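The numbering of the sequence shown is my numbering, which starts it at -11 and goes up by one.
To keep things clear, I will list the structure first and then write my remarks on it.
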Amino acid sequence: MRYWVLTCFLFIINTYLSSQVSTDQIIFFKDQDTKKESWQKLNEGIFSIRYETPWVDRFEFRTETDRLMTSRQEFLFRTSFNSFRQKKADGAVLFHLAERKKWEFLSQINDMVNQRYFLTLEAIKKQLELKGKLTRESYFLKMEKTYEAYIQSGESFDLADYLKNHEDLQSIRLSVVLSKKELSTILFNLGFPEQDSMEIRDLITVKNMAAIAGNVMVDVDKHPEFHELDAKNSFLDARLHSDKVKDGKILDFAQLRYSVRNDLLLENRFSVGVGLNFPWRGSSRTKYSDILIDKLETNHAKEEKRIEMKEKLTTLQNQLAHQKKMYEVFTTASENAAFNNVKKTILGSGRVNLHDILSLEKYELNKAEKETELFLDILKTYLDILSLTATLGNQREVNYFKNLE
-11 MRYWVLTCFL
-1 FIINTYLSSQ
9 VSTDQIIFFK
19 DQDTKKESWQ
29 KLNEGIFSIR
39 YETPWVDRFE
49 FRTETDRLMT
59 SRQEFLFRTS
69 FNSFRQKKAD
79 GAVLFHLAER
89 KKWEFLSQIN
99 DMVNQRYFLT
109 LEAIKKQLEL
119 KGKLTRESYF
129 LKMEKTYEAY
139 IQSGESFDLA
149 DYLKNHEDLQ
159 SIRLSVVLSK
169 KELSTILFNL
179 GFPEQDSMEI
189 RDLITVKNMA
199 AIAGNVMVDV
209 DKHPEFHELD
219 AKNSFLDARL
229 HSDKVKDGKI
239 LDFAQLRYSV
249 RNDLLLENRF
259 SVGVGLNFPW
269 RGSSRTKYSD
279 ILIDKLETNH
289 AKEEKRIEMK
299 EKLTTLQNQL
309 AHQKKMYEVF
319 TTASENAAFN
329 NVKKTILGSG
339 RVNLHDILSL
349 EKYELNKAEK
359 ETELFLDILK
369 TYLDILSLTA
379 TLGNQREVNY
389 FKNLE
């Protein structure tokens, strides 16, 4: 009989746990967003292009007949060439354009990872909030049963307290239903339409959060936003070089002319000619200026972003240190041995009625809710730091909601 009861109990527990979503399932969810597949196809399409500037730029064929002298005709064949330098410069433009698009794509993926972490944080908040509400509902229910016991025993009590407790009980029950609905909606948006709760037993500790957040930094060489700006700068350099090579081309065209004229001694004749350019940057200076201004703005944006990120990181790290200290002060006060001994003595004296015992339970409940609130504040700041430094996007194989020990 005991074996059968234990089996049923384990089956129920396993069924309940299997319906819960873990942070591992959410963070390592493969099919996160159809946008990612679309961006991936775009990125692959850009790099699949293998365009090369041809040696011959264009062909031109002209004929001319004199209206007064039908015996005079000319045929002109002209072609323009691209130099080796031009071919190389145009290839560099295409390459750096593809690199720029690649880093734009990776920056978007980084944003997607960050958004998923913060949406998971909302789910964790709702789960902890729901846990607190269920505990508070249990407390209000105990209080109501206490008042019912007073009624049956004929003891006196304050009717206003009874009505207030009953009102709070109904309100918390409604709030529990709403919180469950909100949690289900968040999990649905994360790609888990069948689940309605989260497993939150293995969340990272405050100590580990402080250790990880204190060791990260804004790495310009690894941050996708800086790579994106560098790729834009390289693309502008390639464009500028390509335009300069094009404007500096000396051999413009080569032509072959065939003339038919009966009024000349040599009735038919061929002539070969070339057209030469003398580089002059008069009108092209404006075009170069636009590119150079764009480069200056890009470099300025990179430096400004670097300074802004470092300042924000320092602010967030100081904020987390302050929050950690507040959390430690609160938990230390909660674990005060003298207070716990007094509480144990009072409860063991047998001179405290059930109503007072439940009041003490309410105090413990408020304390637990405050501790949860402080923990979630630290968790939010911790994720702000990791998202700012692109740690979440650069290390997608790691679940930063769990202890990394």
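Even for Gly, the Cβ is constructed at its ideal location relative to N, Cα and C.
All values derive from a computational prediction rather than experimental measurement.
Can you tell which of the options has the C-alpha that lies nearest to the C-alpha of residue i?
i, options, result
"Gly236", "Ser71, Glu117, Thr319, Glu349", "Ser71"
"Asp240", "Leu284, Ile15, Arg46", "Arg46"
"Glu170", "Val260, Glu110, Ala309", "Glu110"
"Lys313", "Lys195, Arg124, Lys130, Met100", "Lys195"
"Glu316", "Phe363, Ile373, Val206, Ala86", "Phe363"
"Glu40", "Asp78, Ile14, Leu353, Ala86", "Asp78"
"Glu92", "Arg161, Lys368, Glu213, Arg104", "Glu213"
"Lys368", "Arg294, Met197, Tyr351, Ile238", "Met197"
"Asp149", "Glu143, Tyr135, Gln140", "Tyr135"
"Met131", "Tyr370, Lys152, Ile112, Lys29", "Lys152"
"His436", "Gln96, Lys350, Asp146", "The first residue shown for the chain is -11 and the last is 393, placing residue 436 beyond what the model contains."
"Gln28", "Arg257, Leu94, Lys76", "Leu94"
"Lys119", "Val165, Lys18, Glu296, Met297", "Val165"
"Leu175", "Arg161, Ile192, Ile112", "Ile112"
"Asp156", "Lys133, Leu147, Leu129, Glu143", "Leu129"
"Thr360", "Leu392, Lys350, Ser347, Thr319", "Thr319"
Which residues in the same chain have their Cβ closer than 7 Å to the Cβ of residue i, if we skip the five residues on either side of it in sequence?
i, result
"Tyr4", "Summary for Tyr4: the model assigns pLDDT 45, below 50, so the residue's position carries little reliability; its value from the coordinates is reported in the next sentence. The answer is none, since no qualifying residue turns up."
"Glu117", "Ser167"
"Ser172", "Asp184"
"Pro42", "Asn70"
"Leu353", "Thr123, Arg124, Tyr127"
"Val208", "Phe214, Arg294"
"Phe394", "No statement about residue 394 is possible, as the shown extent of the chain runs from -11 to 393 and does not include it."
"Asn177", "Leu107"
"His154", "Glu132"
In terms of DSSP beta bridges, what is residue i paired with?
i, result
"Leu64", "Arg50, Arg245"
"Phe258", "Tyr246"
"Met186", "Val9"
"Phe69", "Val44"
"Leu191", "Lys390"
"Leu239", "Leu264"
Looking at residue j and residue i, is the spacing between their C-beta atoms short of 7 Å?
i, j, result
"Ile366", "Gln307", "no"
"Ala226", "Arg88", "no"
"Val81", "Ser230", "yes"
"Phe65", "Leu244", "yes"
"Phe180", "Val9", "yes"
"Ile279", "Leu228", "yes"
"Lys121", "Ser159", "no"
"Leu374", "Tyr388", "yes"
"Leu301", "Val101", "no"
"Gln74", "Val233", "yes"
"Lys358", "Asp190", "no"
"Ile200", "Thr108", "no"
"Asn382", "Thr286", "no"
"Tyr105", "Leu371", "yes"
"Lys283", "Leu224", "yes"
"Asn98", "Ala378", "yes"
"Gln61", "Val260", "no"
"Leu264", "Ile281", "no"
Here's a check: name, in chain order, each residue in its chain whose Cβ is nearer than 8 Å to the Cβ of residue i, leaving out the five neighbours to either side.
i, result
"Leu(-2)", "With a pLDDT of only 41 at Leu(-2), under the threshold of 50, the placement of this residue in the model should not be trusted; the figure read from the coordinates follows. Excluding residues within five positions, none has a Cβ falling inside 8 Å."
"Lys293", "Glu213, Phe214, Leu217"
"Gln115", "Leu171, Ser185, Met186, Ile188"
"Lys350", "Tyr127"
"Arg161", "Glu125"
Excluding five sequence neighbours on each side, which residues of the same chain lie with their C-beta closer than 6 Å to the C-beta of residue i?
i, result
"Val262", "Ala242"
"Phe63", "Thr51, Tyr246"
"Glu385", "none"
"Glu187", "Gln8, Ser10"
"Phe258", "Tyr246"
"Phe17", "Gly179"
"Leu68", "At residue 68 the sequence reads Ser, which differs from the Leu that was named. Same-chain partners within the cutoff: Asp45, Arg46, Phe241."
Considering only residues of the segment 202 to 237, which uninterrupted alpha helix (DSSP H) runs meet the minimum length of 4 residues and lie entirely inside it, listed in chain order?
Given a length threshold of 4 residues, each whole run of the alpha helix (DSSP H) inside the segment 202 to 237 is given here in chain order: 212 to 235.
Complete runs of the alpha helix (DSSP H) confined to the segment 278 to 310 [at least 4 residues]:
Listed in chain order, nothing qualifies, since the segment 278 to 310 has no complete alpha helix (DSSP H) run of 4 or more residues.
Alpha helix (DSSP H) runs contained entirely in the segment 101 to 185, provided each spans 4 or more residues:
Here the runs fully enclosed are 147 to 177.
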